[in-house]
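In numbering that gives the first Met the number 0, the protein residues as written are 0 to 346.
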Amino acid sequence: MTPAPYLTDVFDRPMTNLRLSVTDRCNLRCQYCMPEEDYLWLPREDLLTFEEMNTLVGLFAELGVEKIRLTGGEPLLRRDLPLLIRMLATNPRLNDLALTTNGVLLADQAADLFAAGLHRVTISLDTLRPDRFTALTRRTTHARVLQGIEAARAVGFKGLKLDTVAMQGYNDDELIDLIEYGKQVDAEVRFIEYMDVGGATHWRMDKVLTRADILGTLSHHYGPITPLNENSRAPAERLMLPDKTVFGIIASTTAPFCRSCDRSRLTADGMWYLCLYATDGLDLRQPLRAGASPEALKSLVTRTWQGRTDRGAEERKALERNGVRGALVQLEGLRQDPHLEMHTRGG
Numbered sequence: 000m001t002p003a004p005y006l007t008d009v010f011d012r013p014m015t016n017l018r019l020s021v022t023d024r025c026n027l028r029c030q031y032c033m034p035e036e037d038y039l040w041l042p043r044e045d046l047l048t049f050e051e052m053n054t055l056v057g058l059f060a061e062l063g064v065e066k067i068r069l070t071g072g073e074p075l076l077r078r079d080l081p082l083l084i085r086m087l088a089t090n091p092r093l094n095d096l097a098l099t100t101n102g103v104l105l106a107d108q109a110a111d112l113f114a115a116g117l118h119r120v121t122i123s124l125d126t127l128r129p130d131r132f133t134a135l136t137r138r139t140t141h142a143r144v145l146q147g148i149e150a151a152r153a154v155g156f157k158g159l160k161l162d163t164v165a166m167q168g169y170n171d172d173e174l175i176d177l178i179e180y181g182k183q184v185d186a187e188v189r190f191i192e193y194m195d196v197g198g199a200t201h202w203r204m205d206k207v208l209t210r211a212d213i214l215g216t217l218s219h220h221y222g223p224i225t226p227l228n229e230n231s232r233a234p235a236e237r238l239m240l241p242d243k244t245v246f247g248i249i250a251s252t253t254a255p256f257c258r259s260c261d262r263s264r265l266t267a268d269g270m271w272y273l274c275l276y277a278t279d280g281l282d283l284r285q286p287l288r289a290g291a292s293p294e295a296l297k298s299l300v301t302r303t304w305q306g307r308t309d310r311g312a313e314e315r316k317a318l319e320r321n322g323v324r325g326a327l328v329q330l331e332g333l334r335q336d337p338h339l340e341m342h343t344r345g346g
């Protein structure tokens, strides 16, 4: 099949990568994402059906999207998720179908996900210490996460990635341990700078473990670190240790990569966001359910992307010059609009 021509925005960024949230629910309460216990959830009748998700993904693919990442909330909470994966896996325009999970339910579902046609899995792992996990998530399911990682390996998933949100005073002393664990389970560790978005209402710059901090710790222990200098729009900068171990750093906070960002986000109820920091999105559920034609929906998406000027992370960083950078949204704002939450728009 001939590849679809890429749509480009005002800054010539192509629309090639869509993060699809399948639910806003989550079974953890991570401090950097969901610090409260009670939330205003999306109405269940507003959630897209799998058929609606598949229809919208198909339209995005016709406009050039090649990569789909299923997210949440916690995507494995969405009932019968392998059914959606089977639908998406039949689309010849998609060359990458991945999923990000906290791993708690992965051991039970890994085999079905693999059989359905899922290509890759990324698992969140912020600590190897059960006590720290409980303090961060307010849950006691750390062992189940490790079991999920092992299960993903056992059923045949290749290219496993482990995402670690790196935070001062929390896991800054575990960087080497996490790298070594990644070696054991044949997974690439990616350290993510703590970001000031969504439910990170207690975010402060002094809690961010920066790219420089991470590289300083790892190079002191392992020796010289070599950047791979890949020509990629992926968010992670990939680097190599002297023993050829590859790891990544996503430095969205201190070194934004807005100018090369090709990602957008579709929530479980059909709101389309062009930037993780965006406060407004485009409702695609309403015209879809009102019977809009595929051409009308594609025209709406095309006009919106072509007018895209978002550079949210760069704009947030610019606030540091005036010393006014804090959490993006305060708690009351989050309670009034669940779409502002990271767990709603898929991180």
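Built from N, CA and C at the ideal position, the CB exists for glycine as well. Quantities reported herein were computed from a predicted structural model and do not represent experimental measurements.
Reference residue i, options the options, closest by Cα
i, options, result
"S251", "L240, E313, L281", "E313"
"E65", "L287, R232, A291, T48", "R232"
"F132", "E149, E173, L93, G116", "E173"
"T89", "A115, V103, D107, L80", "A115"
"I191", "G290, M270, L17, F246", "F246"
"L150", "D111, Y180, R138", "The sequence shown places Ala at residue 150, rather than the Leu named in the question. A150 has its Cα closest to that of D111, out of D111, Y180, R138."
"L318", "I122, D195, Q183, P91", "D195"
"G181", "D212, E229, S123", "S123"
"G57", "A289, R324, N16", "N16"
"F156", "L145, N228, R119", "R119"
"L339", "R264, L287, N321, R307", "R264"
"I248", "I213, C257, L240", "I213"
Collapsed DSSP secondary structure at residue i in the structure displayed
i, result
"T136", "helix"
"R264", "strand"
"K157", "coil"
"G142", "First, the residue type needs correcting, since residue 142 is Ala and not Gly in the sequence shown. If DSSP states are grouped into helix, strand and coil, A142 belongs with the helices."
"G311", "helix"
"V300", "helix"
"L275", "coil"
"T100", "strand"
Residue environment, residue i, which counts as buried when at least 16 other CB atoms sit within 10 Å
i, result
"H219", "exposed"
"N94", "exposed"
"E50", "exposed"
"D171", "exposed"
"Q108", "buried"
"D309", "buried"
"V9", "exposed"
"A277", "buried"
"L135", "buried"
"S298", "exposed"
"V323", "exposed"
"G147", "buried"
Short Cβ contact (9 Å threshold) for residue i with residue j
i, j, result
"L76", "L105", "no"
"L152", "D125", "Note that residue 152 corresponds to Arg in the displayed sequence, not to Leu. Result no, Cβ atoms of R152 and D125 do not sit closer than 9 Å."
"N53", "L87", "yes"
"Y31", "M204", "no"
"E61", "N101", "no"
"L275", "W304", "no"
"R12", "G345", "no"
"L46", "A267", "yes"
"L145", "R189", "no"
"V103", "R143", "yes"
Rounded distance between the beta-carbons of residue j and residue i, thought under 8 Å
i, j, result
"L98", "L69", "4 Å"
"T244", "I175", "Not a contact, Cβ separation roughly 11 Å."
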